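Numbering (my numbering), first residue to last: 81 to 386.
Beta carbons: idealized from backbone N, C-alpha and C, even for Gly.
What you are looking at is a predicted structure, and each value in this text was computed from that prediction instead of being measured.
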């Protein structure tokens, strides 16, 4: 992958693009919630894969990066397609049926938090005091969101939806840990279309089997939601985050994406009139703060070792 200094996009343009990603991904949480009024969660996720994948194939072709993946990249292409894309998006979309959009955006973005304990268990990585502080701060935020005074532990659908969101975030964290040492042969943009192809092949039969007999309530609103989610929130934003990652320091990108759940909470309050509860707000601040400390600590460690 090219270094930031070699990227064709200048830092100012990259910052604007990062801002667009934060906005587009953030507002998509209430948009997805609205879309579920007319389509099943797995059919919705599959439609994102189809349209998003087509967008990625087009982007790769236009930039001259459309190529068959190297054989050593295929295992990771498959794992990313199945776990990070298909499973994560399907699980999040399913959970949105039972969990408010703003809360869902917070829990889904706890993924970097779980990378730390998983790395300690699987890779036996040592943890500095600042990393541990960031993890404990984020974990405190999760506990705040699940405290018995504000969370209905007696509602099975609420428990199921929240549990699936947490599991989705942890699965993604496991994948990140497993592929951390992989030596990539293809660029992110050249591999993304094939990752989406794998995700599409995985989700289409699931959607057909589970929701094939459920009619889709087509409407102008649903078409707008699907067209937003496929080419824009999935396809364009995937290309954009790859571009931003090449153009900006990793710390800037990591801290910047923390704006997505913040935007998700605000957008859900505006679009869906979801209340911003004290537990959600407190949890959001603690989780974002903890992830920020982890990102800064990771950058400091890489600077020392580099």
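Neighbourhood of residue i by C-beta distance below 6 Å, restricted to the same chain and skipping five residues each side
i           : result
residue 320 : 97 and 101
residue 130 : 280
residue 171 : 244 and 248
residue 311 : 131 and 135
residue 349 : 356
CB of residue i within 8 Å of CB of residue j, strictly
i           : j           : result
residue 248 : residue 354 : no
residue 175 : residue 244 : yes
residue 330 : residue 89  : no
residue 257 : residue 202 : yes
residue 173 : residue 112 : yes
residue 227 : residue 179 : no
residue 313 : residue 110 : no
residue 114 : residue 301 : yes
residue 377 : residue 133 : no
residue 167 : residue 251 : yes
residue 357 : residue 206 : no
residue 325 : residue 318 : no
Member of the options whose CA lies at the smallest distance from the CA of residue i
i           : options               : result
residue 144 : 306, 268, 348 and 342 : 268
residue 278 : 236, 160, 365 and 254 : 160
residue 108 : 135, 238 and 169      : 169
residue 360 : 222, 203, 90 and 121  : 222
residue 402 : 335, 342, 378 and 323 : Outside the displayed range of the chain (81 to 386) lies residue 402, so it cannot be described from this structure.
residue 219 : 342, 151, 246 and 257 : 246
residue 342 : 271, 106 and 151      : 106
residue 305 : 99, 91 and 104        : 104
residue 198 : 225, 253, 234 and 239 : 253
residue 288 : 112, 207, 99 and 121  : 121
residue 294 : 375, 99, 204 and 116  : 116
residue 149 : 350, 265, 316 and 315 : 265
residue 225 : 376, 378, 377 and 364 : 364
residue 259 : 152, 91, 142 and 338  : 152
Sequence-distant residues of its chain with Cβ nearer than 8 Å to residue i (five each side left out)
i           : result
residue 470 : This structure leaves residue 470 out entirely; the chain is present only between 81 and 386.
residue 146 : 137, 140, 270 and 273
residue 290 : 120 and 122
Spatial neighbours of residue i in its chain, beta-carbon cut-off 7 Å, leaving aside the 5 residues before and after
i           : result
residue 373 : 210, 213, 214 and 217
residue 239 : 233
residue 352 : 110, 113 and 181
residue 283 : 122, 125, 126, 129, 166 and 170
residue 335 : 372 and 375
Short CB-CB distance (under 8 Å) between residue i and chain E
i           : result
residue 166 : The structure shown contains no chain E; it is built from a single protein chain.
Cβ contact (3+ pairs, closer than 8 Å) linking the stretch 122 to 139 and the stretch 270 to 288:
Three or more Cβ pairs drawn from the stretch 122 to 139 and the stretch 270 to 288 lie within less than 8 Å of each other, which places the two stretches in contact.
I want to know whether the stretch 359 to 371 touches the stretch 186 to 196 - three or more CB-CB distances under 8 Å.
Because the criterion of three Cβ pairs below 8 Å is met, the stretch 359 to 371 and the stretch 186 to 196 touch.
What runs of the alpha helix (DSSP H), each 4 residues or longer, lie entirely inside the stretch 294 to 318?
Listed in chain order, the complete alpha helix (DSSP H) runs (minimum 4 residues) inside the stretch 294 to 318 are 300 to 307.
In the stretch 87 to 116, which residue ranges form an unbroken beta strand (DSSP E) of at least 3 residues, counting only runs that do not cross its ends?
Listed in chain order, nothing qualifies, since the stretch 87 to 116 has no complete beta strand (DSSP E) run of 3 or more residues.
Quick check for students: name the residue ranges of the alpha helix (DSSP H) that lie wholly in the stretch 173 to 200, counting only runs of 4 or more.
Counting whole runs of 4 or more residues, the stretch 173 to 200 contains the alpha helix (DSSP H) stretches 181 to 188.
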